[in-house]
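Just so we're aligned: 37 in the numbering used here is position 37 of the sequence shown, and the numbers increase by one with no gaps anywhere.
Just so it is clear, CB atoms sit at the ideal spot from N, CA and C, and this is done for glycine as well.
Report on the following structure.
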Amino acid sequence: MDWQVKGSYSPRPHYAIRDSYFQAVWDAGGLPIGLPLLEAAGHDYLVEVDGVIVPGGDYPSPSRWYGDGHGIADEHPRSVVNEQMVRDLLLLDKPFLAICAGHQELAAATGGLLYWRVKDSLPGAGNHRGTTPTEPSHDVLVQPGTLLHKLVGVERFAVNSHHHEAVKSLGDGVIVSGLAPDGVIEAIEVPGKRFALGVQWHPEFGLSEADHALFVGLVNAAK
1 MDWQVKGSYS
11 PRPHYAIRDS
21 YFQAVWDAGG
31 LPIGLPLLEA
41 AGHDYLVEVD
51 GVIVPGGDYP
61 SPSRWYGDGH
71 GIADEHPRSV
81 VNEQMVRDLL
91 LLDKPFLAIC
101 AGHQELAAAT
111 GGLLYWRVKD
121 SLPGAGNHRG
131 TTPTEPSHDV
141 LVQPGTLLHK
151 LVGVERFAVN
161 SHHHEAVKSL
171 GDGVIVSGLA
181 PDGVIEAIEV
191 PGKRFALGVQ
201 WHPEFGLSEA
211 DHALFVGLVN
221 AAK
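So, in structure tokens, the structure goes:
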């Protein structure tokens, strides 16, 4: 789940997530449940479930994820829980699909760094903050021989896009498996794991068969 200080549901802190994540898992043959951001219970949850979606979200990230002075000094509850959760998932070799902010969390948890703002950091970068997630924003170029390529079965397909930050560099053991035409990293993965994949776009909206294939692949790995 994502964590909100306040919002339309309640003026007090609460968990929230779009229903499209649950529907995408169900359509792929899985049974979706929501995991709260309870730091002390994180490992216990991972023992009980067969696979995990690390979803998107919009929250302030810690400065150590950027290494250039951007970000906040204090930790947001989600960055604390999810960073450790990603490391635990890799240690347990539990299948997981990390989406948008989750994709960035995967990079940060494995020793990578992020760009604070893509449009300000990369000359010539296209528009990665699309306003309509149900319409494609740009293509993703798939790297041959990767898990992403095995799942989608094509070398190029269109995706939506709704993010400011992006992955800048990767830690040891993590590879790039998809790029936007402007060079922005769109997919990363950890070879040798059952299923450890991060994507910068939002496949839960199901723009294409390629998007659906990511969830099918996760569910099959979980089985």
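Quick one: residues in its chain with C-beta nearer than 6 Å to the C-beta of residue i, no 5 flanking neighbours on either side, listed in chain order?
i: Gln143; result: Ser177
i: Glu209; result: none
i: Lys119; result: Ala125
i: Asp50; result: Ala222
If you follow the beta strand (DSSP E) that residue i is in, where does it begin and where does it stop?
i: Trp3; result: Asp2 to Gln4
i: Arg64; result: Looking at the DSSP string, Arg64 is not in any beta strand (DSSP E), and its letter there is neither H nor E.
i: Ala196; result: Ala196 to Val199
i: Leu38; result: Per DSSP, Leu38 belongs to no beta strand (DSSP E) and is neither H nor E.
i: His212; result: Segment Glu209 to Ala222 is the alpha helix (DSSP H) holding His212; no beta strand (DSSP E) there.
i: His14; result: His14 to Ala16
i: Leu114; result: Leu113 to Tyr115
For residue i, which residues in the same chain have their Cβ closer than 7 Å to its Cβ, ignoring the five residues on either side in sequence?
i: Gln104; result: Leu114, Glu165 and Val167
i: Gly67; result: Leu113
i: Arg87; result: Ala109
i: Leu92; result: Leu46
i: Ser20; result: Glu204 and Phe205
i: Val5; result: Pro13
Let's test the definition: count the other Cβ atoms within 10 Å of the Cβ of residue i and tell me whether it reaches 16, buried, or not, exposed.
i: Tyr9; result: exposed
i: Thr146; result: buried
i: Val154; result: exposed
i: Ile17; result: buried
i: His163; result: buried
i: Glu48; result: exposed
i: Asn127; result: exposed
i: Gly227; result: There is no way to answer for residue 227, as the model of the chain reaches only from 1 to 223.
Determine the direct distance from the alpha carbon of residue j to that of residue i, and round the result to whole angstroms.
i: Pro136; j: Ala158; result: 6 Å
i: Lys193; j: Arg78; result: 24 Å
i: Glu156; j: Leu170; result: Strictly speaking, residue 156 in this sequence is Arg, with Glu absent from that position. Distance between the alpha carbons of Arg156 and Leu170 is about 22 Å.
i: Arg64; j: Pro191; result: 25 Å
i: Val152; j: Leu38; result: 34 Å
i: Asp211; j: Ala73; result: 35 Å
i: Asn270; j: Ala40; result: In the structure as shown, the chain starts at 1 and stops at 223, and residue 270 therefore has no counterpart that could be examined.
i: Val216; j: Gly29; result: 7 Å
i: Glu75; j: Arg129; result: 25 Å
i: Leu214; j: Asp58; result: 22 Å
i: Lys150; j: Pro11; result: 44 Å
Skipping 5 residues on each side, what residues in its chain have a beta carbon closer than 8 Å to that of residue i?
i: Pro253; result: For the chain, the structure presents residues 1 to 223; residue 253 sits outside this window and is missing.
i: Val52; result: Leu35, Leu46, Met85, Leu89, Lys94, Pro95, Phe96 and Leu97
i: Gly69; result: Ser63
i: Asp182; result: Leu122, Gly124, Ala125, Gly126 and His138
i: Gly7; result: His14 and Ala16
What is the residue span of the alpha helix (DSSP H) that residue i lies within?
i: Val25; result: Asp19 to Asp27
Cβ of residue i versus every heavy atom of the ligand PLP: is any distance shorter than 6 Å?
i: Glu83; result: In the structure on display, the ligand PLP does not appear, and there are no ligands present to speak of.
Legend entry - Minimum length 3: unbroken beta strand (DSSP E) runs contained in the segment 122-185: 138-142, 156-159, 166-169 and 175-179
Legend entry - Segments assigned beta strand (DSSP E), at least 3 residues, entirely inside the segment 45-105: 52-54 and 96-99
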